[in-house]
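1 is the number of the first residue of the sequence shown in full-length UniProt numbering; add one for each residue after it. Reviewing the structure listed below.
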Amino acid sequence: MVATLQSLYIDGEWATARDRDVILNPADESVLGEAPVGNAGHVDAALAAAHTAFHHGPWPHLSANERQAKLTAFLDAIDRRSGEIIDLIVAEAGSTRGLAQFLQYATPMKHARTTLDVMLRPAQTALPIDLTPAADGSTMLGGHVLSREPVGVVSAITAYNFPFFLNIGKIIPAMAAGCTVVLKPSPYTPFEALILGQIAEEVGLPRGVLNIVTGGADVGAALTTDKRVDLVTFTGSDTVGAAIQAQAAPTLKRVLLELGGKSALIVRADADIQQAAMAGVMGFTIHCGQGCALTTRHIVHNAIRARYVEAVKQMIGAMKIGNPSDPSVQLGPLIREQARTRSESYVEIARAEGARLVAGGKRPAGFDKGFFFEPTLFNDVDNAHRIAQEEVFGPIGVVIGFDTDEEAIRIANDSNFGLGGGIYSRDAGKAYAMALAIRAGGVAINGGAGTMSSHAPFGGIKRSGYGREYGIEGLNEFTYMKSISFHAA
Ligand code: NAD
Numbered sequence: 001m002v003a004t005l006q007s008l009y010i011d012g013e014w015a016t017a018r019d020r021d022v023i024l025n026p027a028d029e030s031v032l033g034e035a036p037v038g039n040a041g042h043v044d045a046a047l048a049a050a051h052t053a054f055h056h057g058p059w060p061h062l063s064a065n066e067r068q069a070k071l072t073a074f075l076d077a078i079d080r081r082s083g084e085i086i087d088l089i090v091a092e093a094g095s096t097r098g099l100a101q102f103l104q105y106a107t108p109m110k111h112a113r114t115t116l117d118v119m120l121r122p123a124q125t126a127l128p129i130d131l132t133p134a135a136d137g138s139t140m141l142g143g144h145v146l147s148r149e150p151v152g153v154v155s156a157i158t159a160y161n162f163p164f165f166l167n168i169g170k171i172i173p174a175m176a177a178g179c180t181v182v183l184k185p186s187p188y189t190p191f192e193a194l195i196l197g198q199i200a201e202e203v204g205l206p207r208g209v210l211n212i213v214t215g216g217a218d219v220g221a222a223l224t225t226d227k228r229v230d231l232v233t234f235t236g237s238d239t240v241g242a243a244i245q246a247q248a249a250p251t252l253k254r255v256l257l258e259l260g261g262k263s264a265l266i267v268r269a270d271a272d273i274q275q276a277a278m279a280g281v282m283g284f285t286i287h288c289g290q291g292c293a294l295t296t297r298h299i300v301h302n303a304i305r306a307r308y309v310e311a312v313k314q315m316i317g318a319m320k321i322g323n324p325s326d327p328s329v330q331l332g333p334l335i336r337e338q339a340r341t342r343s344e345s346y347v348e349i350a351r352a353e354g355a356r357l358v359a360g361g362k363r364p365a366g367f368d369k370g371f372f373f374e375p376t377l378f379n380d381v382d383n384a385h386r387i388a389q390e391e392v393f394g395p396i397g398v399v400i401g402f403d404t405d406e407e408a409i410r411i412a413n414d415s416n417f418g419l420g421g422g423i424y425s426r427d428a429g430k431a432y433a434m435a436l437a438i439r440a441g442g443v444a445i446n447g448g449a450g451t452m453s454s455h456a457p458f459g460g461i462k463r464s465g466y467g468r469e470y471g472i473e474g475l476n477e478f479t480y481m482k483s484i485s486f487h488a489a
């Protein structure tokens, strides 16, 4: 199927690209296909198309019901190709099959359908009547209407780890709000974006409403500096996020940044240890640790820490590592060799800092091909250690002890990041009070739904970025507020 995804989707047509990139399957290093790589000319054409579609096309002026109908057809057509898309998520991103079906595909589709429901909220709301003294001594009876307007042309730039999820999570609310979009996926996962062009064509989205340009940092940079772009929505690392904020500054674009994390999982002494350990394992092994909101920093009460570590060790020891084309595999590969080398280097850093390796720490035996790495657990970690402060983006979890709730919160908040978090405790009220004290965009108590909830806004603070995705808050990020006043006299 990737053989049909050989061109860029610009202004409702397929544009050829001279440059090509070999795309690997990270599980066996086989060549999945060659992908087109866009250049400055493609970015210019895509922005011209998006600009024309916004400023001269019907899209922003359609009623919400009309846009909803078009986008419903778009999602229905995606669902008809779900099998191919899930296969791509497995082969291109190295996702295990269960994760590809559930979190990488079904969850963003559920979020997208919810966006299409909430987009019918009134875009105009009347504000309370205001009585204002006039210069002649009389009283002005005035009113205001607050109108939510589409912000304009949107650049959507995404990461490799949840490619379909992130692409859909950006383009659907942007288009629902009435914006037009240029999507640039990660150079590791171009095909999961290009297939959306085929689907846009099939359902007849108006020309220029959705454009897809693959490529690397140069394409991304051009999409963040051009004055035709009104808003950049970005998901990726904090380093690139900071660069994008600077790139977007001269033209004063709005920027939404969904960045990395080092989220804390607090396990109180009264927690169900097996349940907490299961969540802890998922917190650093889901998608081989390549998840922004994963809870990789386990802050565990010292009274139960040894039992918790033993339970996690047993669970990761029993995990099946391998090529995720086998549905029984629980841990797939990292995306590329560079990512594996990064995990290896953090194992060395953690050892040198005095953390104790409990399990893993190396490439698993018996794999000549594929970027595999063992699930790795460190205990006796100090929160000041680099392994506790920096995002590895590999299957490495760290355990830090605590004695009081106040200490647990202080450790959780002593981080440059603030994306997700979790608390396990039999005392739900206490856990709730602690959740309120944690500085992060989201906290899940005893396995709360977190990113799986379609109405809850998702996003971070500090170096995890700003802006919110999903639900009504996520939709509203693609609008600006216009206040229209009128004189009632
Ligand atoms: P990355 O930052 O390396 O790249 C992300 C995207 O930015 C890619 O498409 C890349 O080509 C593009 N890019 C690179 N330099 C650019 C520049 N100067 N200007 C514009 N675009 C540029 O991230 P990655 O390695 O693909 O993904 C992993 C990171 O993403 C992790 O830090 C992870 O935590 C984060 N992430 C965050 C969320 C979230 O919702 N908060 C979700 C998934 C991943």
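Using N, Cα and C, we set each Cβ at its ideal position, and we do this for glycine too. Since the model is a prediction, treat every value here as computed from it, not as a measurement.
Run of the alpha helix (DSSP H) containing Met109, from where it starts to where it stops: Thr107 to Val118
Give every residue of the same chain whose Cβ lies closer than 6 Å to the Cβ of Thr96, excluding the five residues on either side of it in the sequence, and list them in chain order. Pro324, Val329 and Gly332
Given Asp270, which residues of its chain have a CB within under 7 Å of its CB, disregarding the five upstream and five downstream residues? Ser425, Arg426 and Asp427
Grouping DSSP H, G and I as helix and E and B as strand, with all else coil, what is Pro190? coil
Output needed for Val2: all residues of its chain with C-beta closer than 7 Å, excluding positions within five of it in sequence on either side, in chain order. Leu32, Gly33 and Phe191
Ordered along the chain, which non-local residues of its own chain (more than five positions away) have a Cβ less than 8 Å from that of Pro227? Residue identity check: residue 227 is Lys in the sequence provided, not Pro. Closer than 8 Å at the Cβ level, and outside the excluded window around Lys227, lie Thr251.
Bridge-paired residues (DSSP) for His487: Gly142
With distances taken Cα to Cα, identify the nearest neighbour of Ala123 among Ser138, Gly178, Leu99 and Leu103. Gly178
Taking the beta strand (DSSP E) that residue 497 falls in, what are its first and last residues? The chain is shown from 1 up to 489; residue 497 falls before or after that span and cannot be answered.
Under the DSSP definition of a beta bridge, which residues are partnered with Gly418? Ile461
Leaving aside the five residues before and after Met452 along the sequence, list all residues of the same chain whose C-beta is less than 7 Å from its C-beta, in chain order. Thr107
Is it the case that the Cβ atoms of Gly152 and Leu256 are separated by a distance below 8 Å? no
What is the C-beta distance between Leu259 and Gln290, in whole angstroms, given that I count them as a contact (C-beta under 8 Å)? At roughly 14 Å, the Cβ-Cβ gap does not stay under 8 Å, so Leu259 and Gln290 are not in contact.
What residue from Asp380, Gly241 and Lys320 has the CA that sits closest to Val309's CA? Asp380
Considering only residues of the same chain and omitting the five flanking positions on each side of Met315, which have a CB-CB separation below 8 Å? Ala277, Met278 and Val281
By Cβ distance below 6 Å, which residues in the same chain neighbour Ala73 in space, the five residues on each side in sequence not counted? Val203
Coarse secondary structure for Thr16, derived from DSSP in three states: coil
Cβ pair count under 8 Å reaching 3, the region 290-303 against the region 60-76: no
Unbroken alpha helix (DSSP H) run spanning His42, endpoints: Ala40 to His55
By how many angstroms is the C-alpha of Asp136 removed from the C-alpha of Ala449? 59 Å
Environment of Glu92 [buried if 16+ CB atoms lie within 10 Å]: buried
Pairing CB atoms from the region 233-252 with CB atoms from the region 53-64, are three or more of them under 8 Å? no
By DSSP, does Lys482 sit in helix, in strand, or in coil? strand
Close Cβ partners of Phe486 (< 6 Å) along its chain, the five nearest in sequence each way excluded: Gly143
Could you please give the first and the last residue of the uninterrupted beta strand (DSSP E) stretch that includes Pro133? Asp130 to Pro133
Hey, Leu377 and Gly360: beta-carbon distance below 8 Å or not? yes
Would Val213 pass as a contact of Ile10 if the rule is Cβ separation under 8 Å? yes
Excluding the five sequence neighbours on either side, which residues of its own chain have a C-beta within less than 7 Å of the C-beta of Phe372, listed in chain order? Ile321, Pro333, Arg363 and Pro364
Between the alpha carbons of Ile195 and Leu5, how many angstroms are there, rounded? 7 Å
By Cβ distance, which residues of its chain are closer than 8 Å to Ala134, with the 5 residues on each side in sequence left out? Met140
Quick one: Cα of His385 to Cα of Leu88, how far? 37 Å
Within 8 Å, strictly: CB atoms of Gly236 and Ala159: yes
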